[in-house]
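Below is one structure, written out as structure tokens; comments come after it.
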Amino acid sequence: MGMTDDRSPLTRAAALCDRLGLRRPILLAPMAGACPPSLSIAVAGAGGMGAAGVLMLAPDAIAAWMRDFRAGSDGPAQLNLWVPDPPPSRDPDGERRVRDFLGGWGPAVAADAGDATPPDFAAQCEAVLDAAPAAVSSIMGVFPAPFVAQLKAHGIAWFAVATMVGEAIAARDAGADVIVAQGSEAGGHRGAFDPALAERRLVGTFALVPAVADAVDLPVVATGGIADGRGVAAALALGASAVQVGTAFLRCPEAQLPPAWAQALAGARPEDTLLTRAFSGRPGRSLATRYATAAAAPDAPAPAPYPVQRGLTAAMRAQAQKDGDLDRMQAWAGQSAALAPALPAADLVDRLWRDARLLLGSA
Ligand SMILES: Cc1cc2nc3c(=O)[nH]c(=O)nc-3n(C[C@H](O)[C@H](O)[C@H](O)COP(=O)(O)O)c2cc1C
Numbered sequence: 016m017g018m019t020d021d022r023s024p025l026t027r028a029a030a031l032c033d034r035l036g037l038r039r040p041i042l043l044a045p046m047a048g049a050c051p052p053s054l055s056i057a058v059a060g061a062g063g064m065g066a067a068g069v070l071m072l073a074p075d076a077i078a079a080w081m082r083d084f085r086a087g088s089d090g091p092a093q094l095n096l097w098v099p100d101p102p103p104s105r106d107p108d109g110e111r112r113v114r115d116f117l118g119g120w121g122p123a124v125a126a127d128a129g130d131a132t133p134p135d136f137a138a139q140c141e142a143v144l145d146a147a148p149a150a151v152s153s154i155m156g157v158f159p160a161p162f163v164a165q166l167k168a169h170g171i172a173w174f175a176v177a178t179m180v181g182e183a184i185a186a187r188d189a190g191a192d193v194i195v196a197q198g199s200e201a202g203g204h205r206g207a208f209d210p211a212l213a214e215r216r217l218v219g220t221f222a223l224v225p226a227v228a229d230a231v232d233l234p235v236v237a238t239g240g241i242a243d244g245r246g247v248a249a250a251l252a253l254g255a256s257a258v259q260v261g262t263a264f265l266r267c268p269e270a271q272l273p274p275a276w277a278q279a280l281a282g283a284r285p286e287d288t289l290l291t292r293a294f295s296g297r298p299g300r301s302l303a304t305r306y307a308t309a310a311a312a313p314d315a316p317a318p319a320p321y322p323v324q325r326g327l328t329a330a331m332r333a334q335a336q337k338d339g340d341l342d343r344m345q346a347w348a349g350q351s352a353a354l355a356p357a358l359p360a361a362d363l364v365d366r367l368w369r370d371a372r373l374l375l376g377s378a
């Protein structure tokens with residue numbers, strides 16, 4: 016059992032800010048495909064932390080992201096990597112059914128589309144170390160021990176995403192410096208270590224944050240559904256030292272989101288999002304678009320495992336992006352999407368922190 020931290024929320028937040036070189040306990044969430052350097056430059060410029068989800072980036076693209084970020088900011092940033100699963104077992108008949116289904120939504124799917132694999136993990140780890148960010152975050156598991164040792168030798172903090180208390184304890188035992196407690200409200204992929212449990216162990220941010228703070232004697236960063244000052248204040252009161260915000264930054268001009276996706280966020284109620292494996296094979300929370308809804312129907316073929324499904328949907332996703340067609344786009348969204356303001360990111364950071372401080376009684 017960890018110790019209950021009875022410091023005041025603002026004292027706890029200030030301690031983590033000091034350690035990470037932040038002026039505000041507000042972190043941009045890593046969002047693969049939706050975190051151009053411009054967004055991180057704006058967030059870091061306002062005293063928060065920038066972030067990139069580098070899952071799909073080759074080593075030279077990781078280096079280029081960091082170069083572009085540093086050209087605009089001397090603030091801190093986090094690079095995020097997925098811990099790879101063992102190669103999935105393949106089911107040619109199941110994949111054929113998915114290919115046929117997807118052919119009704121986008122271009123015909125090539126027979127080898129499911130063979131696509133993400134860039135080599137070991138090479139990405141090297142590139143991330145070379146880029147020397149303030150923090151490297153893991154999702155979908157814990158980092159291998161040799162990589163953890165290298166992070167520590169380089170003075171880089173390891174932020175470990177956990178969706179359950181047991182995962183937070185496993186990450187602490189593996190050497191994590193900070194736990195990012197990701198509630199099931201979160202937009203994008205769920206970080207559950209075991210894909211088979213990802214939909215069956217849904218814990219919301221309100222229950223997860225205090226449970227992790229009590230169980231693990233490490234700073235906790237709350238993420239999932241936090242999109243305004245109320246959410247920031249609540250997360251800090253629940254035991255977090257900082258918040259990590261994803262969806263609420265997506266309508267900022269610096270995010271450069273496809274307009275159809277940005278507009279749909281503004282009108283989305285919490286119940287207008289769903290958890291789906293239909294884009295990548297790993298569950299993620301997206302807008303309940305026509306494709307995501309149809310793929311969940313009882314007669315739709317079961318998605319292939321990650322990363323096969325990601326390869327199978329690549330053509331549809333690319334076409335949707337080109338056409339600005341929300342119904343076929345991979346339009347991730349958290350349950351608080353409607354709170355996302357169309358504001359410059361620095362103004363959003365200012366507003367989140369000003370409103371949270373008012374609620375916490377220290378304006
Ligand atoms: C568009 C998008 C892409 C995401 N990509 C990643 C990713 O690459 N790695 C990761 O750890 N989390 C990813 N996430 C999850 C976020 O890091 C974070 O947990 C989530 O956005 C928090 O919930 P919120 O969207 O309600 O703020 C993504 C989320 C979104 C919305």
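According to my numbering, the sequence shown holds residues 16 to 378 in order. The beta-carbon is built from N, C-alpha and C at its ideal position, and this holds for glycine as well.
Closest Cα partner of residue i within the set the options
| i | options | result |
| --- | --- | --- |
| Ala-86 | Ala-329, Ala-57, Gly-261 | Ala-57 |
| Leu-144 | Leu-166, Ala-30, Trp-120 | Leu-166 |
| Thr-178 | Ala-196, Ala-168, Ala-172, Ala-189 | Ala-196 |
| Gly-63 | Arg-372, Asp-365, Asp-370 | Asp-365 |
| Leu-363 | Phe-294, Pro-268, Ser-295 | Pro-268 |
| Met-71 | Gly-48, Ala-309, Ala-142, Gly-65 | Gly-48 |
| Gln-139 | Leu-31, His-169, Pro-99 | Pro-99 |
| Met-81 | Cys-32, Ala-146, Asp-232 | Ala-146 |
| Ala-357 | Ala-311, Asp-135, Leu-272, Gln-324 | Leu-272 |
| Glu-286 | Gly-202, Gly-206, Gly-326, Gln-278 | Gly-202 |
| Leu-327 | Thr-132, Ala-76, Arg-39 | Thr-132 |
| Ala-242 | Val-260, Ser-55, Arg-369 | Val-260 |
| Leu-341 | Tyr-306, Ala-360, Ala-310, Ala-353 | Tyr-306 |
| Ala-360 | Phe-158, Ala-44, Gly-36, Asp-20 | Ala-44 |
| Arg-105 | Ala-270, Ala-333, Tyr-321 | Tyr-321 |
| Ala-310 | Val-180, Asp-115, Phe-158, Val-176 | Asp-115 |
| Asp-20 | Val-157, Pro-225, Trp-276, Lys-337 | Pro-225 |
| Gly-339 | Pro-274, Gln-278, Asp-314 | Pro-274 |
| Gly-254 | Ala-270, Ala-237, Thr-262 | Ala-237 |
| Ala-168 | Val-180, Ala-149, Gln-278 | Ala-149 |
| Pro-101 | Ser-53, Ala-92, Gln-278, Gly-156 | Gly-156 |
Near ligand 3: residue i beta-carbon under 6 angstroms from a heavy atom
| i | result |
| --- | --- |
| Leu-70 | What this structure holds is ligand 1, not ligand 3. |
Expected contact under 8 angstroms - CB spacing of residue i and residue j to nearest Å
| i | j | result |
| --- | --- | --- |
| Leu-94 | Ala-67 | 6 angstroms |
| Gly-90 | Gly-65 | 7 angstroms |
| Gly-383 | Ala-330 | Past the boundaries of the shown model lies residue 383; the chain is included only from 16 to 378, so the question cannot be answered. |
| Val-323 | Gly-296 | 6 angstroms |
| Val-163 | Ala-189 | 6 angstroms |
| Val-235 | Ala-228 | 5 angstroms |
| Ala-303 | Thr-288 | 6 angstroms |
| Leu-42 | Leu-375 | So it is not a contact: roughly 18 angstroms between Cβ atoms. |
Beta carbon of residue i nearer than 7 angstroms to that of residue j
| i | j | result |
| --- | --- | --- |
| Val-193 | Phe-221 | no |
| Ser-152 | Gly-240 | no |
| Pro-316 | Val-113 | yes |
| Gln-345 | Phe-294 | yes |
| Arg-292 | Trp-120 | no |
| Asp-78 | Ala-142 | The question names Asp, but residue 78 in the sequence shown is Ala. Contact flag set, yes. |
| Leu-223 | Gly-198 | yes |
| Ala-283 | Ala-348 | yes |
| Ser-256 | Ala-28 | yes |
| Pro-161 | Ala-73 | no |
| Arg-266 | Ala-355 | yes |
| Cys-50 | Pro-40 | no |
| Val-247 | Leu-96 | no |
| Val-231 | Ala-172 | no |
beta-carbon residue i near ligand 1 non-hydrogen atom, thresh 6 angstroms
| i | result |
| --- | --- |
| Met-46 | yes |
| Trp-276 | no |
| Gln-197 | yes |
| Val-260 | yes |
| Gly-326 | no |
| Trp-173 | no |
| Ala-146 | no |
| Ile-77 | no |
| Ala-49 | yes |
| Gly-129 | no |
| Trp-347 | yes |
| Ile-41 | no |
| Gly-219 | no |
| Thr-238 | yes |
| Ala-201 | yes |
| Ile-194 | no |
| Ile-184 | no |
| Ile-56 | no |
Original post:
Of all the alpha helix (DSSP H) runs that stay within the bounds of the segment 266 to 341, which reach a length of 4 or more residues?
Top reply: 274 to 281, 305 to 310, 323 to 338
**OP:** Enumerate, from N- to C-terminal direction, the unbroken beta strand (DSSP E) stretches of 3 or more residues contained entirely within the segment 74 to 143.
**Re:** Fully enclosed beta strand (DSSP E) runs of 3 or longer: 92 to 97.
Subject >> Segments of 3+ residues assigned as beta strand (DSSP E) that fall wholly inside the segment 186 to 257 >> reply: 193 to 197, 235 to 238
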